[in-house]
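**Q** Counting with mature numbering (1 follows the signal peptide of the UniProt record, and there is no 0), you get residues -23 to -1, 1 to 203 for the letters of the sequence shown.
Each residue gets a CB set at the ideal place from its N, CA and C atoms; glycine is no exception.
All values derive from a computational prediction rather than experimental measurement.
Dropping a structure here in structure tokens format, bear with me for questions.
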Amino acid sequence: MELKWSILINLLIVQYLSVVCVSEEFDFFYFVQQWPGAYCDTKQSCCYPKTGKPAADFGIHGLWPNYKDGSYPSNCDPDSVFDKSQLSELMSSLQKNWPSLSCPSSNGFRFWSHEWEKHGTCSESELDQIEYFEAALKLKEKVNLLEILKNAEIEPDDGFYSLDSIEEAITKAVGHAPGIECNKDSAGHSQLYQVYLCVDTSGSEIIECPVLPKRRCASDVQFAKF
Ligand code: 5GP
Ligand code: 5GP
């Protein structure tokens, strides 16, 4: 009798631990968009998707669950493999708004699968796979970074703009300060590469960042042509 109880209790503990491990909690998302001109003009260069050169617009890099202390979970559920058949209705929107620019040239599935498995599986307590990709696409629709910057006369013309003016334009339009990440073009110029916005755990509302990613930019940064 005692043995039966001990087996039952052990089973309950194992079940509890498996639930806790799979439904990992997080505090907010970073919604990260990349400027294709800055991905492509580096020493490493880029490859256009098989569907052709993407539009000269910011593209989605990812929607990344994060903790308030700046750390983040990754690859949370090896059992939840990327299932491309779920994305057929989103395909044209993903190709347009979430193009993959890495080499060799691809149709995007490798990038989306990487983002789902590394980041998406850590927000499964909130969003399943379709909801995760839909949430990112909706956020992109909601925040038109290129238009926001153009309205502030900040354009992808290879010109240099103060980091402050870029941050200010986005903060005014969105209502919350962005994180800006720069990289270097092949000539070594600091340039606008990625923009981070913070989003609540439902994946729908932009919020003030609990912690901004620590990324370095020069005080004046180039906005590369694409
Ligand atoms: P890197 O080292 O190039 O900045 O980042 C490499 C990868 O690590 C990113 O593409 C992303 O997958 C992950 N990563 C980097 N920084 C963060 C962060 O602050 N939060 C989250 N959630 N992921 C990050
Ligand atoms: P992260 O771990 O940095 O979120 O994801 C970056 C991974 O996705 C890298 O392995 C990178 O080669 C691949 N990748 C594919 N397409 C792109 C792209 O357009 N931009 C970036 N930043 N990474 C891409």
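DSSP three-state label for Y44, please.
**A** If you number the sequence shown from 1, residue 44 lands on position 67. Reduced to three states, the DSSP call for Y44 is coil.
**Q** Below 7 Å between beta carbons: does that hold for V188 and G39?
**A** In the sequence shown, residue 188 corresponds to position 211, counting from 1. In the sequence shown, residue 39 corresponds to position 62, counting from 1. Going by C-beta atoms, V188 is not nearer than 7 Å to G39.
**Q** Determine the direct distance from the alpha carbon of C24 to that of K127, and round the result to whole angstroms.
**A** If you number the sequence shown from 1, residue 127 lands on position 150. If you number the sequence shown from 1, residue 24 lands on position 47. One C-alpha to the other measures close to 26 Å.
**Q** Regarding N43 and ligand 1, is the C-beta to nearest heavy atom distance less than 6 Å?
**A** As a working mapping, residue 43 is identified with position 66 in the sequence shown. The answer is yes for N43.
**Q** Less than 7 Å between CB atoms is the rule here; does G85 satisfy it with respect to chain B?
**A** The structure shown contains no chain B; it is built from a single protein chain.
**Q** What residues does ligand 2 have around it, judged by CB closer than 7 Å to any heavy atom, in chain order?
**A** Cβ atoms closer than 7 Å to ligand 2 belong to Q11, Y16, G36, H38, G39, P76, S77, L78, S79, R87, F88, H91, E92, K95 and H96.
**Q** Indicate the three-state DSSP secondary structure (helix, strand or coil) for S(-6) in the structure shown.
**A** The residue labelled residue -6 in the question sits at position 18 within the sequence shown. Confidence at S(-6) is low in this model, with a pLDDT of 48, below 50, so its placement is unreliable and the value that follows should be read with caution. Reduced to three states, the DSSP call for S(-6) is helix.
**Q** Can you find the residues in the same chain that come closer than 6 Å, C-beta to C-beta, to Q11, ignoring five residues on each side of it along the sequence?
**A** Residue numbering aside, residue 11 sits at position 34 when the sequence shown is read from its first letter. The answer, listed in chain order, is G36, H38 and Q171.
**Q** Is the beta carbon of C80 less than 7 Å from the beta carbon of P50?
**A** Here residue 80 is taken as the residue at index 103 of the sequence shown, counted from 1. Here residue 50 is taken as the residue at index 73 of the sequence shown, counted from 1. In this structure, P50 does not lie closer than 7 Å to C80 by Cβ.
**Q** So for F86, helix, strand or coil by DSSP?
**A** Translated into positions along the sequence shown, residue 86 becomes position 109. Note: F86 maps to helix in three-state DSSP.
**Q** The beta strand (DSSP E) spanning V198 covers which residue range?
**A** If you number the sequence shown from 1, residue 198 lands on position 221. It spans D197 to Q199 - the beta strand (DSSP E) in which V198 sits, taken as one unbroken run.
**Q** Among residues of its own chain, excluding the 5 on either side of T28, which ones have a beta-carbon nearer than 6 Å to its beta-carbon?
**A** Numbered from 1 along the sequence shown, position 51 holds the residue referred to as residue 28. Excluding sequence neighbours, T28 sits near Q72.
**Q** Can you name the start and end residues of the alpha helix (DSSP H) that N74 belongs to?
**A** One-based indexing of the sequence shown puts residue 74 at position 97. Start and end: M68 to N74.
**Q** For ligand 1, any of its heavy atoms closer than 6 Å to the Cβ of Y138?
**A** Taking the first residue of the sequence shown as 1, we reach residue 138 at position 161. Because no heavy atom of ligand 1 lies under 6 Å away, the Cβ of Y138 does not count as near it: no.
**Q** Does the Cβ of S77 have 16 or more other Cβ atoms within 10 Å, making it buried, or fewer, making it exposed?
**A** Residue mapping note: residue 77 aligns to position 100 of the sequence shown, counting from 1. Classification of S77: buried, given that the 10 Å Cβ count is 16 or more.
**Q** Using alpha carbons as the reference points, say which of A15, A113, E158 and N74 lies closest to W93.
**A** Looking up residue 93 in the sequence shown gives position 116. It is A113 whose Cα lies nearest to the Cα of W93.
**Q** Around the Cβ of D105, are there at least 16 other Cβ atoms within 10 angstroms (buried) or fewer (exposed)?
**A** Translated into the one-based positions of the sequence shown, residue 105 becomes position 128. So D105 counts as exposed.
**Q** Suppose the cutoff is 7 Å on Cβ atoms and the five residues either side in sequence are ignored; what does the same chain contact list for F5 look like?
**A** Along the sequence shown, read from residue 1 onward, the residue named residue 5 stands at position 28. N43, C175, V176, D177, T178, I184 and P187.
**Q** First and last residue of the alpha helix (DSSP H) that includes G136?
**A** For the purposes of this step, residue 136 is taken as the residue at position 159 of the sequence shown. Premise fails: G136 is in no alpha helix (DSSP H) and is neither H nor E.
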